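Participant: Numbered per my numbering, the sequence shown spans residues 70 to 446.
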Amino acid sequence: MIRTTLATLSALLALALPAAAADDFIASPTLRASVTVTSDVVRVGDLIDNAGSAALIPVYRSPDLGTTGTLTVGQVLSVLRAKQVIGVMTGDLKEVQVTRLARTLANKDLETAVASALERRFGLGDAANINVTFDRGVAEMRLDASNSGALQPVATRYDARSGRFDIAFEIANDSNPAPTKLRFTGTAIETVEVAVLTRDIDRAELLKSSDVTLERRPKAEVTGEAASRERSVGMQLRRPMRAGTPLRVADIVKPELVVRDQAVTIIYQVPGVYLTTRGKAIESGAEGDAVSVVNVQTKRTLTGTVTGRGQVTIEGASHSAPMVPAVEQTSSLKRDEAPAPVDTAALLRNLVQAPASPAQIAEAQIPQARASQAQAK
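1. Are residue 223 and residue 203 touching if we call contact CB-CB under 9 Å?
2. To the nearest angstrom, report how far apart residue 190 and residue 267 are at their CA atoms.
3. Should residue 129 go down as buried or exposed, given a rule of 16 or more other Cβ atoms within 10 Å for buried?
4. In the DSSP assignment, what residue or residues form a beta bridge with residue 364?
5. Give the single residue among 188, 249, 373 whose Cα lies nearest to the Cα of residue 334.
6. Can you give me the C-alpha to C-alpha distance between residue 253 and residue 213, rounded to a whole angstrom?
7. Would you say residue 100 and residue 116 are within 9 Å of each other, going by their C-beta atoms?
8. Please state if the CB of residue 139 and the CB of residue 180 are separated by a distance shorter than 9 Å.
9. Could you give the C-beta distance for residue 113 and residue 152, rounded to a whole number, given that I count them as a contact under 8 Å?
10. So if DSSP puts residue 103 in a beta bridge, which residue, or which two residues, is it bridged to?
11. Would you mind working out which of 375, 150, 154 sits nearest residue 327, comparing C-alpha positions?
12. Taking all protein chains shown into account, decide if residue 155 is buried (16 or more other Cβ within 10 angstroms of its Cβ) or exposed.
13. Taking 8 Å as the limit between beta carbons, can you name the residues of its chain near residue 104, skipping five residues before and five after?
14. Nearest CA to the CA of residue 231: which residue from 255, 286, 243?
15. Could you confirm whether any beta carbon from chain B is found closer than 9 Å to the beta carbon of residue 285?
16. Going by alpha carbons, who is nearest to residue 312 out of 371, 330, 198, 283?
17. Run the CB neighbour count on residue 243, radius 10 Å, all protein chains shown included, and call it buried at 16 or more, exposed below.
18. If you compare alpha carbons, which of 247, 170, 285 is closest to residue 295?
19. At the level of alpha carbons, what is the spacing between residue 226 and residue 234?
20. Apply the 10 Å Cβ neighbour rule to residue 201 and answer buried if 16 or more other Cβ atoms are within range, or exposed otherwise.
21. Assuming residue 183 contacts residue 236 (C-beta within less than 8 Å), just tell me the rounded distance between them.
22. What's the call for residue 293, buried or exposed, on a 16-neighbour Cβ count within 10 Å?
23. For residue 357, which beta-bridge partners are listed by DSSP?
24. Hey, how far is the Cα of residue 350 from the Cα of residue 341?
25. Considering only C-alpha positions, which residue in the set 125, 215, 263 is nearest to residue 249?
26. Can you grab the Cα-Cα spacing for the pair residue 146 / residue 207, in whole Å?
27. One question on the structure: do residue 358 and residue 306 come within less than 9 Å of each other, judged by their Cβ atoms?
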């Protein structure tokens, strides 16, 4: 009987010892050096580890969204004692930092959301070309971190004449079944990237790289196709224009290399023959343009192509008559007899008067042989 009683007591003691040991190692509440919260209040469980049943007790208002506040250890312990929370371990801490998380919507994010809601609607084009201005200066917007959803437009109004918009958005909320609602008003204008003059430019000037810059302008200011900077440099204007004027494709032309009444060089060119003479331009033209010129020696009007500054080229027949057969057809020349020298002046007068045929070119090159053949007949 005694042995049974002792065994029972031993068993009870064995069961009781682990429980007592566990009580000896219960973790003490410990103050945290850094606290992060998402709600608008700071609770005991946010400030200390192992808060137990006191964890949900509110003790402070949270800092503003996206900001950090600092509390001294003395302030924190005083508030905790008032909430019947004692025995908190602080270690070497001197202060506690409390940060409130937030979702930040930058001004650019909001502009993009509005432009995307208007994209290809109400006569507007791509969102990237829509310039958005809010009625109130919206630098950025901070929302509770629980607002994790995308900005979804739910109501959109736009006046194409004034450019005014009124758009309502909703954002899904993780902690609340009802979405967060936002509303923005302002002006949205479609723009285009266009070359703009940096100084006053006269019609006769060539546009240099420093004369043109790229800017975004309202599309309504640029009627027609906007000119790019690359396309404008090296061109001329159709009329004088002032600094700050946006350029259209219709405003620029290729530079005039020949100007009316200008002294020009007339070039007559056929395979194997290249002749020049003086002339006067009757009309202006850019490279590749067909213009009329007057040969100052013969007073004849010719039509040629502008091929350089002050230079007009008249193309002749694409194939000239072969030289050797032309000599062999002349019966008055012996095979070992050299042909008479070519009259270059006569050849020049003949060729610049009008485009020559192959026969005319051959005739101009061997005038003496032709004359001898006529006498033989």
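Cβ atoms here follow ideal geometry from the backbone N, Cα and C, with glycine treated the same way.
All figures in this text were calculated on a predicted structure; none of them were measured in a lab.
Facilitator: On the basis of the supplied data:
1. Not in contact: residue 223 and residue 203 (Cβ atoms no closer than 9 Å).
2. Roughly 34 Å between the two C-alpha positions.
3. Residue 129 is buried by the Cβ-count criterion.
4. 348.
5. Residue 373 holds the alpha-carbon nearest to the alpha-carbon of residue 334 among 188, 249, 373.
6. So the two alpha carbons sit approximately 19 Å from each other.
7. Cβ atoms of residue 100 and residue 116: closer than 9 Å.
8. The Cβ atoms of residue 180 and residue 139 lie no closer than 9 Å to each other.
9. With 8 Å as the limit, residue 113 and residue 152 qualify as a contact, their Cβ atoms being about 7 Å apart.
10. Residue 103 is bridged to 166.
11. Among 375, 150, 154, the Cα nearest to that of residue 327 belongs to 375.
12. Counting C-beta atoms within 10 angstroms of its own C-beta, residue 155 has fewer than 16 neighbours from the protein chains shown and is therefore classed as exposed.
13. If we look at residue 104 and ignore the five residues flanking it on each side, its Cβ neighbours are 111, 115, 116, 165, 166, 167, 168.
14. Nearest option by C-alpha distance: 255.
15. No chain B appears in the structure shown, which is made up of a single protein chain.
16. When each option's Cα is compared against that of residue 312, the closest is 283.
17. Its Cβ having fewer than 16 others within 10 Å, residue 243 is exposed.
18. The shortest C-alpha to C-alpha distance from residue 295 to any of 247, 170, 285 is the one to 285.
19. Cα to Cα, residue 226 sits roughly 6 Å from residue 234.
20. The residue in question, residue 201, is buried, as its Cβ has 16 or more Cβ neighbours within 10 Å.
21. Taking a contact as a CB-CB distance under 8 Å, the pair residue 183 and residue 236 counts as one, their CB atoms being some 6 Å apart.
22. That one is exposed.
23. Answer is none; residue 357 lacks a bridge partner.
24. Those two C-alpha atoms are separated by around 26 Å.
25. Among 125, 215, 263, the Cα nearest to that of residue 249 is on 215.
26. Approximately 40 Å between the Cα atoms of the pair.
27. Taking 9 Å as the cut-off, the beta carbon of residue 358 is found no closer than this to the beta carbon of residue 306.
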